[in-house]
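Visitor: Chains as they are written, first to last, in the numbering used here: chain Y, 1 to 1000; chain F, 1001 to 2000. Where a beta carbon is used, it is the ideal one built from N, C-alpha and C, also for glycine. This structure is in structure tokens; I'll ask about it shortly.
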């Protein structure tokens, strides 16, 4: 029999009630997620325990699909769990709950996919996973770290089931609509009309002006409530702000910078609500903090074995059991251990050992050390003491200083030795350290080894205070057959590991370190990343070949997929051919990015060839299951359903969008605010068009290119108001290009539109467009005071600046940035002072410097060039390249000093002196003057030209300084000579300031 | 173990899911009740079946008590059921569900108390009950008749559990706060702080101006959605309007007339939403109308007995089984049957019978006819046919008309007889009607007898279309031992009745009509109203005596309570003495009106004595349980809890209110809008004060009275903004009086305040105040165009008008209404034209007329007086009284004609003629003139005076007309005589227009 929505809910309620959860009710105000219900948002704050479960109808206007999409709706049912504190086995509890509602892990592919949850509107974040059932995200599982700006202690576990999707998956249904709500009524019969109507309201009817007013009224009421210390009423109004913001957003009424303002306001209110709540709980003396949790930790002393029994080298195994690590963190942890373990054994523990291997899967990191010595060798350490003359009296009697030192080191004063070091004589103690049993030092030292693993993002989960990528759940530490029972993160190491998730993570005993790999393999786990990658590659290729295609197998995807599974089993999925009519970028993006599938091209495709030459996609893809082949048909169907739903969604957008030409969208840019003072995106679009007009000459575009560039600029931002881009912002430009082609625009125009967001546009019309866009943002946002500060760069202006200089360098185009900024400034609706323009230029130059240094150029070389030429990034880059080559020359040590002498001696002169030939007395100065004059005619103004001149001048310069006294007593001669040297120094003007160079 | 909130919910969900209900979720917008959830509001519309159950957190701002009240909160949890169509046994299902959560009907007092549910904001109504558990209302049970202005077919059964109160009752707890939500957390730990904060927000913080703006924005969005045909989004916004209205109301920001405007707007929107929903369902072809319900009705033919076997007189029993009838409807039904049954037997069925008795209880109406003849006698009916001359030809041969007539009546033409009637000759047929078995005619005729019972408010429940006060659920119809199986309302009569509710309404077989009373009594049911009243009276008196008191036993309460139970068992309850400090009216009102308890005064109280002389109340009361003495302690505790909660509530209000003097509330009247154009209640209050000032002279108040009246007027409306009156509006005036006393005002002032709402104030200051208030409303509201139209009188202006005239009559004060209206008009903030003033006067006169006629005065007499005197109601009433006495005199037939002759002959004259004595020719006219002149000096201007004059004039008038030709040829004489008669006619001017009298 089919599952019904209502049975799932009743079963989950029963399950979690039995686990001690309070069963709550949905909130009476529209929320985007159960997280916003005060039963989560507030109760996770502070020290009080809280376990709750409730349904939450979650309203997300922009997910509305008029009831046409099989699993995407403006309202869906969440089932929300909060476990506070972490019970220690929340993932297992969760998987048990799935079994209760009929999801057998052996019949499906249940995957924990990294998810760094973040909710800026409430200043909250946490780490955890999306939980996938056959490719479908059915649950979000998060260890909350911060909420409302408050760090959480204890951490809460949040489990959010997507009930609608679970229903689809359980019944293996193509869509939700015909699935049972109960035995008599279908889901669609209850909700489909509602989906249509609310979608229509949110997308078409909601009145923007009225919604804005509502938002403002809610905000004012929220502020009044906060001022009165009323936490819950304030929270209600913050929720209403949030929903109204979502409705406005759905009407396309929120501009890019405006969004920041809204988020800032909501975040600020949410944080104050959270603060006030915490104060209140404290005043109430934390009424729910009734009983202290019983401490269940074993006494580690009682399990310590007799290490002295180990007398021969044995293998050492350390298995770190974790909840599913993110793919990147797994790589990083393995790399760190590969570096740290040898160091640790050699330098810290001084233990002899054989080969070391480090391997890992999402759920375990394994370190194996072969032939580890059972005992440390005895060692002598020489410890430096006081100076010899202070250690012994003239009579050779040790002073109190010596006696004290000796005592501190555990030796007698007569054992002290005197040695010479660093030119002084000191007493030394020879401290003997007896070697200890390896097992003992390992037990003391293993926690440190684990603690030494660091991650970009790490989290806490229990009261040990330990941080890790995801919670640590067990340790296996065996030295031969002996357990090393160290304690860390509230766990005590033993010999029990856990098997595969699809098999319910059975407990598996490891009798000895030596048996580990064999047992792990017997339990179906492929522990080595490279082995998993090889298995996947082979499987994917052969499945692709089976449908006459070649898989798209990019390395980063392969690496990620390999790190998502312990037992990889590739399988082939397919989708309806009709979807191939969608833009290829959309298809690939969905398969690769969203679903981690390998797309397949028909044979003949040239991997890496430009898209226009690539063979078309096939309606197939390869999934990699975590598990064996059992019920693999179910897994396939589930995954295919997901892809179908996603493509249906994209299809809906594209179909809706293509009812009009791209150009027809343009007027609606007026509804998108770019920035309050800088106007709408339509305004910005107009400025870009004008600026591109200016750039045609400056970039020296041809006549055709000019036409394309102008047209592309006209249409550039238009795709921002298409539904497809509103939905998947990452496709901006890609969709613009695609729709331009389908609207009959020239391919060159389409390409330029696509290129505007690429770091380095390939075509010159694309370049002109990208530069205009980026300079407009820089100039405008600086002018209204929104330049980046500190680490804050909400509008991505650093990226924009790099996006200005990098393409110019790549295309080797000598655009005069100062002039370009001036043009852009003149187009802004606000005044842009010369000072601001200089700030913009300096900002761009700054990024140029970083860019060049990041490319490996030396700091001093970059500084030297940028000090003299920053207006023209392309030229500057060329100069840096040239100067770098010069600096690398073996004779550079002769070249730089010669020039430097000329500059250094004239550096402090305030006046520029003119050389008067009649005052050139000495042969050497006449000779130098002549050479300078000769070279002036061949001087080309770049680094090479300048330094070639210097090369020629070197002998004359050296002779000059040998023979001539520059600082002659008579002023006229002195000034004439200084003038000559100044002339040489000035050869570098506009080229480079060599005084910035090392060794100048 | 204690019940927990969450177990109750889980159990109810399970129970109703098993009964086929869809388990739904609370709505995501604040609603005042589960009824507003579209799963009820919309789904009850139209023909589709719908069975649903869901929790609904219901928000009612003005129920907020800062978490201080044991069972009253701004948010409570409802559990809502809709059964559509009526399954036939919804009350039984409901009682089963109570058993599921642990409520044993034998251990409690479960009572179904009449409730005419009405929700004007959504144009909805239905009939049903509040269900009381030991005095606590725990559920509303309603058969919806109309929703959103749409008549429902089929009718839906709505069951709304109050979960919080059920939890209290189940655990026999003093308050909700310490009761378990689940095994770990208490209800108060989840919700108490929230109650405090929201109460504070709704009562103190919510910004009136912003809330008004929100309401307007919501309304505009709702209108936009309706215009776009979007039912659910529109409904959402209507709900938001409604919640915002409630919040405004809670801030005391809604005036009396403004409230009507809001309700009108919301109702209008709700109706359009409902309309549009119905259209939509029709367009969708009613998708849920999947299967036609199986017809389970028995075939009545198969159960028909052989009536010919009955040959001797037997008793006839008709028991009509119903769900609990309202007390008034029970009385009415019994009275109707007492009238209709004899008529029915005698005139319709022609059956001989012995004594008839009609009795009844809330669940049954019983008609017993003793010795009913087994058979009708044969009868002859004479039926009138065509006129004799058209029936037979001159030859005596019957015409086709006669033949046809005879055939139609089943006789031959020669059987026709000719008889004289009404002066004509007709043919008659003697139709013989053979008597039929009584049982047979009863079976045909009993449905009609039942259908003949009518109620003020009746309802439909199933597809029989039958209306009744509450659903009919069974019939017992026995003629001796034989069942009369008639069919009505989808039921077939049998011999099975049902026992008492507390015993689970067991089925009881009645072997014969004769055994009925005995069996009913054996089953604990007291069938006779008077017997129940006697039992109750006796029990209540003896319980009151047991605490040294006398019960307050008003007849209407006794009658109601007697009609609420089938097995009355009085028991004594008590409450904390502290509550006696509350105003007595509050205490009595709560006990009598809300709880149907009998309050108790200490002995010595004089029943009916004015309050100030009555003995004080005791902290006791008598409850009447429906059932026996089992677990009567539980029932008592439950009831005491309810009273405590209610008194606590009142205490809260009174305590809060008494923190200030009554006068201090006055400025807040500014926040209560009386009517937009007429200003706030403070403005009205000012006008009343001024008007009372004017009335001091007009009503001839003494100096002291004047002082009291002015002060009372100043404070009159102040109690409207006290919490107690905001909560229980019916206590307006009563509370004003009470608080005035406690604020140290003079008793006379306090009494006047109290009297302003009484139909007839007893004191003259009270009278002045009441008149000023009522005239102000009349004048003002007429001026702004809000005079009553048709049956609509939303501001109660008819009552106000009666409230003007009746006290004036009772106090016999000759106030000049026209002048009073003029004064009031001059105080209004809007222009009140003379025309409007006349309209007001006419309106009041109209009510005066109705009042007098309703008092039994003849129509013509009232008209006659009011035609001449309407400005002074008191005088008019006196005149009507006098004239009525005159009209009743035996010699009136001589008095009126004499006067009438004088008037009739002069009626058409346009001119008033003056009598010139020198033109009086005849003796008779001189005589008449002289008598008129003589009487003029004694004439007092009222009816008696006038008619006494007429009495004296009669002989002279009669002689005059005998001897004198009025219409003399010569103009001068003619006019002189007419002048004389006009003078007599004019004696009635300002007294009465006798031409309106019958017989004039």
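Could you name the residues of the same chain whose beta carbon sits closer than 7 Å to that of residue 236(Y), not counting the 5 residues immediately before and after it, in chain order?
Guide: Around residue 236(Y): 29.
Visitor: If the cut is a Cβ gap below 7 Å, which residues of chain F does residue 198(Y) touch?
Guide: Near residue 198(Y) (Cβ distances below 7 Å), the residues of chain F are 1232 and 1233.
Visitor: Which of helix, strand or coil does DSSP assign to residue 1007(F)?
Guide: Three-state result, residue 1007(F): helix.
Visitor: Only counting the same chain, and skipping five residues up and downstream in sequence, which positions put a Cβ closer than 6 Å to that of residue 434(Y)?
Guide: Once the five neighbours on either side are set aside, the close Cβ partners of residue 434(Y) are 378.
Visitor: Look at the alpha carbon of residue 393(Y) and the alpha carbon of residue 318(Y), and state the distance between them as a whole number of angstroms.
Guide: About 54 Å.
Visitor: Since residue 886(Y) is in the alpha helix (DSSP H), which residue starts that stretch and which ends it?
Guide: Segment 873-888, the alpha helix (DSSP H) holding residue 886(Y).
Visitor: According to the Cβ coordinates, are residue 868(Y) and residue 784(Y) closer than 7 Å?
Guide: Not a contact, by the Cβ cut-off of 7 Å.
Visitor: Which partner residues of residue 1364(F) appear in the DSSP bridge assignment?
Guide: Its beta-bridge partners are 1321(F) and 1361(F).
Visitor: Give the range of the beta strand (DSSP E) segment to which residue 1412(F) is assigned.
Guide: Per DSSP, residue 1412(F) belongs to no beta strand (DSSP E) and is neither H nor E.
Visitor: Alpha carbon to alpha carbon, how far is residue 1645(F) from residue 1127(F)?
Guide: Near 27 Å, if we compare the C-alpha coordinates of residue 1127(F) and residue 1645(F).
Visitor: Report, in whole angstroms, the separation of the C-beta atoms of residue 324(Y) and residue 112(Y), which I expect to be a contact under 8 Å.
Guide: About 4 Å separates the two Cβ atoms, so the contact holds.
Visitor: Are the C-beta atoms of residue 171(Y) and some chain F residue less than 7 Å apart?
Guide: Not one chain F Cβ lies under 7 Å of residue 171(Y).
Visitor: At a CB-CB cut-off below 8 Å, which residues of chain F make contact with residue 649(Y)?
Guide: Here the premise fails: no neighbours, minimum Cβ distance about 22 Å.
Visitor: Does the beta-carbon distance from residue 210(Y) to residue 1217(F) come in below 7 Å?
Guide: Yes, Cβ-Cβ distance for residue 210(Y) and residue 1217(F) is below 7 Å.
Visitor: Buried or exposed for residue 1067(F), please, with buried defined as at least 16 other CB atoms from any protein chain shown within 10 angstroms of its CB.
Guide: With 16 or more Cβ atoms within 10 Å of its Cβ, residue 1067(F) is classed as buried.
Visitor: Count the other C-beta atoms from every protein chain shown that fall within 10 angstroms of the C-beta of residue 1026(Y), then say buried if there are 16 or more, exposed otherwise.
Guide: Residue coverage of chain Y in this structure runs from 1 to 1000, which leaves residue 1026(Y) outside it and unanswerable.
Visitor: Can you pull the DSSP bridge partners for residue 1855(F)?
Guide: DSSP lists no partner for residue 1855(F).
Visitor: Verify whether the separation of the beta carbon atoms of residue 922(Y) and residue 963(Y) is less than 7 Å.
Guide: Cβ distance < 7 Å, so residue 922(Y) and residue 963(Y) count as in contact.
Visitor: DSSP state of residue 503(Y), grouped into three classes?
Guide: Residue state, collapsed to three classes: helix.
Visitor: Quick check: the Cα distance between residue 1634(F) and residue 1548(F), rounded to an integer number of angstroms?
Guide: Each residue's alpha carbon lies about 24 Å from the other.
Visitor: When the distance is taken between beta carbons, is residue 167(Y) closer than 7 Å to residue 5(Y)?
Guide: Yes, these two residues count as a Cβ contact at 7 Å.
Visitor: Under a CB-based cut-off of 7 Å, is residue 1002(Y) close to chain F?
Guide: Any property of residue 1002(Y) remains undetermined from this structure, which presents chain Y solely from 1 to 1000.
Visitor: To the nearest whole angstrom, what separates the beta carbons of residue 1148(F) and residue 1274(F), a pair I think is in contact under 8 Å?
Guide: At roughly 3 Å, the Cβ-Cβ gap stays under 8 Å, so residue 1148(F) and residue 1274(F) are in contact.
Visitor: Excluding the 5 residues preceding and the 5 following residue 1666(F) in the sequence, name in chain order all residues of the same chain whose CB lies nearer than 6 Å to its CB.
Guide: Same-chain partners within the cutoff: 1718.
Visitor: Check the Cβ of residue 1057(F) against every Cβ in chain Y and list those closer than 9 Å, keeping chain order.
Guide: Ordered by position in chain Y, the residues that pass the 9 Å Cβ test against residue 1057(F) are 25, 26, 27 and 28.
Visitor: Could you give the residue range of the beta strand (DSSP E) that holds residue 1161(F)?
Guide: Element bounds for residue 1161(F): 1150-1162.
Visitor: List, in order along the chain, the chain Y residues whose C-beta lies closer than 8 Å to that of residue 1732(F)?
Guide: The premise fails here: residue 1732(F) is roughly 30 Å from chain Y at the closest Cβ pair, so nothing lies under 8 Å.
Visitor: Pull up the CB-CB distance for residue 405(Y) and residue 417(Y), whole angstroms please, since I reckon it's below 8 Å.
Guide: Rounded, the Cβ-Cβ distance is 12 Å, inconsistent with contact.
Visitor: Cα separation between residue 12(Y) and residue 33(Y)?
Guide: Cα to Cα, the separation comes out at about 18 Å.
Visitor: Are any of the Cβ atoms in chain Y nearer than 7 Å to that of residue 1181(F)?
Guide: Judged by the 7 Å Cβ criterion, residue 1181(F) is in contact with chain Y.
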